[in-house]
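*Asks:*
2 protein chains.
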Amino acid sequence: MNTPSIAHGAGALEPVRPLAHLLWRDSLALMKQFVPFTQRKVRVNEEVYVCGKPFDTLHLISSGLFKIVNLVPDGREQPAGFFFKGDWLGFDGIPTGSHTCSAMALDMGELWSVRYDILLRASVGEPQLMRLVMAAISSQLARHRDVSLSMGTLSADARVADFILHWALSLEERGMRTDEIDLHLSRAEIGSYLGVRSESVSRALSRLKGTGIIQFQESSHRVIRIPSLDGLREFVQRSTEPSR
Amino acid sequence: MNTPSIAHGAGALEPVRPLAHLLWRDSLALMKQFVPFTQRKVRVNEEVYVCGKPFDTLHLISSGLFKIVNLVPDGREQPAGFFFKGDWLGFDGIPTGSHTCSAMALDMGELWSVRYDILLRASVGEPQLMRLVMAAISSQLARHRDVSLSMGTLSADARVADFILHWALSLEERGMRTDEIDLHLSRAEIGSYLGVRSESVSRALSRLKGTGIIQFQESSHRVIRIPSLDGLREFVQRSTEPSR
DNA sequence: CGTAAATTTGATACGTTTCAACCCTCGTGG
DNA sequence: CCACGAGGGTTGAAACGTATCAAATTTACG
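Residue numbers (this note's numbering), protein chains in the order written: chain A, 27 to 270; chain B, 27 to 270.
#1: To the nearest angstrom, how far is the alpha carbon of B/Arg157 from that of A/Leu146?
#2: Which residues in chain A sit within 8 Å of B/Ser245, going by Cβ to Cβ distance?
#3: With 9 Å set as the bound, which would you pick, yes or no: does the beta-carbon of A/Arg233 sit closer than that to a beta-carbon of chain B?
#4: Going by DSSP, which residues form a beta bridge with A/Trp114?
#5: Return no unless some Cβ of chain A is closer than 9 Å to the Cβ of B/Asn96.
#6: DSSP on A/Gln243, reduced to helix/strand/coil?
#7: What does A/Glu267 touch in chain B if you count any residue whose Cβ is under 7 Å from its own?
#8: Comparing the C-beta of B/Ser181 with each C-beta of chain A, is any distance below 9 Å?
#9: Consider the C-beta atom of B/His125 and the heavy atoms of the ligand SAH; say whether any pair is separated by less than 8 Å.
#10: Classify A/Asp52 as helix, strand or coil using the three-state DSSP reduction.
#11: What does the Cβ neighbour count give for A/Ala230, buried or exposed, with the cut at 16 atoms within 10 Å?
#12: Quick one: grab the DSSP three-state call for A/Pro99.
#13: Am I right that B/Leu197 and B/Thr204 are in contact with their C-beta atoms under 8 Å? What's the rounded C-beta distance?
#14: What does DSSP give as the partner residue(s) for B/Trp138 in the beta ladder?
#15: Quick one: give me the first and last residue of the alpha helix (DSSP H) that A/Asp183 is part of.
#16: Label A/Asn96 either buried or exposed according to how many other C-beta atoms from any shown protein chain fall within 10 Å of its C-beta, with 16 as the threshold for buried.
#17: When you check each C-beta in the segment 145-163 of chain A against every C-beta of chain B, which residues fall closer than 9 Å?
#18: Quick one: using the 10 Å Cβ neighbour count with 16 as the cut-off for buried, is A/Thr64 buried or exposed?
#19: Please look up how many angstroms separate the CB atoms of B/Phe189 and B/Met130, rounded, as I've assumed it's under 8 Å.
#20: So what's A/Met202 in DSSP terms, helix, strand or just coil?
#21: Please decide whether A/Arg270 counts as near chain B, where near means a Cβ-Cβ distance under 9 Å.
#22: Using three-state DSSP, classify A/Glu152 as helix, strand or coil.
#23: Let's test the definition: count the other Cβ atoms within 10 Å of the Cβ of A/Leu258 and tell me whether it reaches 16, buried, or not, exposed.
#24: Give the straight-line distance between the Cα atoms of B/Ala55 and B/Glu152, rounded to the nearest whole angstrom.
#25: Are A/Ser224 and A/Arg213 touching if we call contact CB-CB under 9 Å?
#26: In chain order, what residues of the same chain lie with their CB nearer than 6 Å to the CB of A/Gln263, ignoring the 5 residues before and after it?
#27: Can the beta-carbon of B/Trp138 be found closer than 9 Å to that of B/His85?
#28: Indicate the three-state DSSP secondary structure (helix, strand or coil) for B/Val173 in the structure shown.
#29: Once the 5 residues before and after A/Phe261 are set aside, which same chain residues still bring their CB inside 7 Å of it?
#30: Are the segment 69-81 of chain B and the segment 154-168 of chain B in contact at 8 Å, needing three or more beta carbon pairs?
#31: Using the three-state DSSP reduction, which class does B/Phe81 fall into: helix, strand or coil?
#32: Exposed or buried, what is A/His47 when buried is set at 16 or more other beta-carbons lying within 10 Å of its beta-carbon?
#33: Does any C-beta atom of chain B lie closer than 9 Å to the C-beta of A/Ile32?
#34: Quick check: what's the CA-CA separation for A/Asp183 versus A/Leu175?
#35: Taking just the CA atoms, how far does B/Ile144 sit from B/Thr266?
#36: Can you list, in chain order, the residues of its chain whose CB lies under 8 Å from that of A/Asp256, leaving out five sequence neighbours each side?
Okay, structure coming up:
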């Protein structure tokens, strides 16, 4: 039962080039080198694709900030993920061939779009490409596991802190400034993502401000200053294991 | 900037065979036909792979029931997913090359294991294979989004009901009986997965039993009888949109 | 069979939601 | 230029649901 007639990969395997730690950089580099893509500029609140529409292309974020949103039966929409430079958008359409989420730009940005068919073709000639896309999807899986875990175990304050920490770490990974970050999100959106109400997010942020872990910018309370990333990190870690 | 020198997939594209609705069946069929795999039988509570160990192989569930578990800092472990015949295990190791979860059998079962390298190779000759694996990962992503949504918006009772419903639907998809299902899980494990305490799961199940939506089997309270799947489905839907 | 573990159920404590009032900013139009 | 209204944000008080603690009961297993 365990002897397929086709003998593809049965021979000796030479070692494969490992993927670098910085997935986002590899994605952009490999895409530019090996895949024919179309560029697309997007404005604030512009939709990349819409829930229910047929899926046929993936989008690599070249710059900007994006979210995907679930439509809950009530008609309201709930953010289900946030994405930065080098992240991929559109995987939700793969299983069924139709998108099960919408994707939207949180500020202006640019996408490199490629037909899914074409990407699969291209990856035949460049196996590293497929490893990369697999790694990108799997990373999103891992991130979701983290969020589920934090939603299941942390208090509202800790969830908000953890959310900001992850956001800042994503920016840091990409070489962007982390001492002052613009979330482009309302309290209600943050809460919807974390499974708490907007008032609770507001209270959590106020308490975090009280401890000095974060500060608000004068003009917009959506811009958060983080004096010390390590301070934030320690707060989250303390919240994760209060009982030892 | 958008003219890669390599011309892989630039030509006309013939239509690709669509993946059938039943992913699990395709996975088993394609695997058997095109990939050299090794069989492995597992006993109850046997570990498939362990968190922290290097990753190099994926496992397709040929029979049985499995869970993956996260290790939370406290030392306790938290289930992060449940998997059935035709599902894949091991994706968590792809991004970093090391497993970030452990996988464990909930009862006896069988796995078809394949080195990740070899699978990628095999998919060069059989592109449908790669579409399939991508669809499998993306499905896990979609499932995680569902769970996050339910953890963020539903009451404990509704979460438990939703959990059982999904479990039953997974079994139904695979042609297994759904009128009496054995979860092989303690109340604490269910609660840990859903983000509530074991006592709350117990209460939720008691209340569901009270409404007649489910019943317990005499001998083991881990075996749940579902007189009407539609009844359960309606209950979950009512819980999803209480307002209006 | 006896002991440890799991489950159920109750009473209370705690945290988040809900409802409400108020403030602030910003864009619009008088 | 300022008045005005709308939407987002902050904060308070009460209601609600779940966690926590505890005890009784059942089940699992050597």
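Backbone N, C-alpha and C fix where the C-beta goes; we use that ideal spot for every residue, glycine too.
*Replies:* So, to answer that:
#1: Position 131 of the second sequence holds residue 157 of chain B. Position 120 of the first sequence holds residue 146 of chain A. The alpha-carbon atoms of B/Arg157 and A/Leu146 are separated by roughly 8 Å.
#2: Working through the second sequence from its first residue, we reach residue 245 of chain B at position 219. What B/Ser245 touches in chain A: nothing, since even the nearest Cβ is about 30 Å away.
#3: Here residue 233 of chain A refers to the residue found at position 207 when the first sequence is read from its first residue. Output row for A/Arg233: interface = no.
#4: Start at 1 with the first residue of the first sequence, and residue 114 of chain A comes out as number 88. According to DSSP, A/Trp114 bridges with A/Leu86.
#5: Position 70 of the second sequence, counted from the start, is the residue given in the question as residue 96 of chain B. Yes - at least one Cβ of chain A is within 9 Å of the one on B/Asn96.
#6: Numbered from 1 along the first sequence, position 217 holds the residue referred to as residue 243 of chain A. DSSP places A/Gln243 in coil when its eight states are reduced to three.
#7: Your numbering for residue 267 of chain A matches position 241 in the first sequence. Here the neighbours are Pro99 and Asp100.
#8: Residue 181 of chain B sits at position 155 when you count from the first residue of the second sequence. False, the Cβ-Cβ gap to chain A never drops below 9 Å.
#9: The ligand SAH is not part of this structure, which contains no ligands at all.
#10: Locating residue 52 of chain A in the first sequence gives position 26, where the first residue counts as 1. Here A/Asp52 sits in helix by DSSP.
#11: Translated into positions along the first sequence, residue 230 of chain A becomes position 204. A/Ala230 is buried by the Cβ-count criterion.
#12: Counting from one through the first sequence, the residue named residue 99 of chain A turns up at place 73. Looking at A/Pro99 - three-state DSSP - the assignment turns out to be coil, as it is neither helix nor strand.
#13: As a working mapping, residue 197 of chain B is identified with position 171 in the second sequence. As a working mapping, residue 204 of chain B is identified with position 178 in the second sequence. Right, the Cβ-Cβ distance comes to about 5 Å (below 8 Å), so this counts as a contact.
#14: Stepping through the second sequence from its first residue, residue 138 of chain B is reached at position 112. Looking at the DSSP assignment, B/Trp138 forms a beta bridge with B/Gln65 and B/Leu86.
#15: Here residue 183 of chain A refers to the residue found at position 157 of the first sequence. From DSSP, the alpha helix (DSSP H) with A/Asp183 extends over Ala182 to Glu199.
#16: Translated into positions along the first sequence, residue 96 of chain A becomes position 70. Flag for A/Asn96 reads buried.
#17: Leu145, Leu146, Arg147, Ala148, Ser149, Val150, Gly151, Glu152, Pro153, Met156, Arg157, Val159, Met160, Ala161, Ala162 and Ile163
#18: Along the first sequence, read from residue 1 onward, the residue named residue 64 of chain A stands at position 38. Exposed, because fewer than 16 other Cβ atoms sit within 10 Å of the Cβ of A/Thr64.
#19: Locating residue 189 of chain B in the second sequence gives position 163, where the first residue counts as 1. Locating residue 130 of chain B in the second sequence gives position 104, where the first residue counts as 1. B/Phe189 to B/Met130, Cβ: 18 Å. No contact.
#20: Sequence index remark: in the first sequence, residue 202 of chain A carries index 176 (1-based). Coil.
#21: By one-based count along the first sequence, residue 270 of chain A stands at place 244. Confidence in A/Arg270 is poor, its pLDDT being 42 and thus under 50, which makes the residue's placement unreliable; the coordinate value appears in the next sentence. Yes, A/Arg270 counts as interfacial toward chain B.
#22: As a working mapping, residue 152 of chain A is identified with position 126 in the first sequence. A/Glu152: coil per DSSP, three-state reduction.
#23: Within the first sequence, residue 258 of chain A is the residue found at index 232, counting from 1. The residue in question, A/Leu258, is buried, as its Cβ has 16 or more Cβ neighbours within 10 Å.
#24: Along the second sequence, read from residue 1 onward, the residue named residue 55 of chain B stands at position 29. Along the second sequence, read from residue 1 onward, the residue named residue 152 of chain B stands at position 126. Taking the straight line joining both Cα atoms gives about 13 Å.
#25: Counting from 1 along the first sequence, the entry for residue 224 of chain A is found at position 198. Counting from 1 along the first sequence, the entry for residue 213 of chain A is found at position 187. Taking 9 Å as the Cβ cut-off, A/Ser224 and A/Arg213 qualify as a contacting pair.
#26: Position 237 of the first sequence, counting from 1, holds the residue named residue 263 of chain A. For A/Gln263, where only same-chain residues beyond five positions count, there are no Cβ hits under 6 Å.
#27: Position 112 of the second sequence, counting from 1, holds the residue named residue 138 of chain B. Position 59 of the second sequence, counting from 1, holds the residue named residue 85 of chain B. Yes, the Cβ-Cβ distance between B/Trp138 and B/His85 is below 9 Å.
#28: For the purposes of this step, residue 173 of chain B is identified with residue 147 of the second sequence, where counting begins at 1. Reduced to three states, the DSSP call for B/Val173 is helix.
#29: In the first sequence, residue 261 of chain A corresponds to position 235, counting from 1. Ala187 and Ile239, listed in sequence order.
#30: no
#31: Position 55 of the second sequence holds residue 81 of chain B. In the structure shown, B/Phe81 sits in coil (DSSP, three-state: anything other than H, G, I, E or B).
#32: As a first step, residue 47 of chain A must be located in the first sequence, where it is residue number 21. Under this definition A/His47 is an exposed residue.
#33: Taking the first residue of the first sequence as position 1, residue 32 of chain A is located at position 6. Confidence at A/Ile32 is low in this model, with a pLDDT of 39, below 50, so the placement of that residue should be treated as unreliable; the coordinate-derived value is given next. So yes, A/Ile32 belongs to the interface.
#34: By 1-based counting over the first sequence, the position of residue 183 of chain A is 157. By 1-based counting over the first sequence, the position of residue 175 of chain A is 149. Approximately 15 Å, taken between the alpha carbons.
#35: Here residue 266 of chain B refers to the residue found at position 240 when the second sequence is read from its first residue. Here residue 144 of chain B refers to the residue found at position 118 when the second sequence is read from its first residue. Cα to Cα, B/Thr266 sits roughly 44 Å from B/Ile144.
#36: As a first step, residue 256 of chain A must be located in the first sequence, where it is residue number 230. Taken in chain order, the list of residues that qualify is empty.
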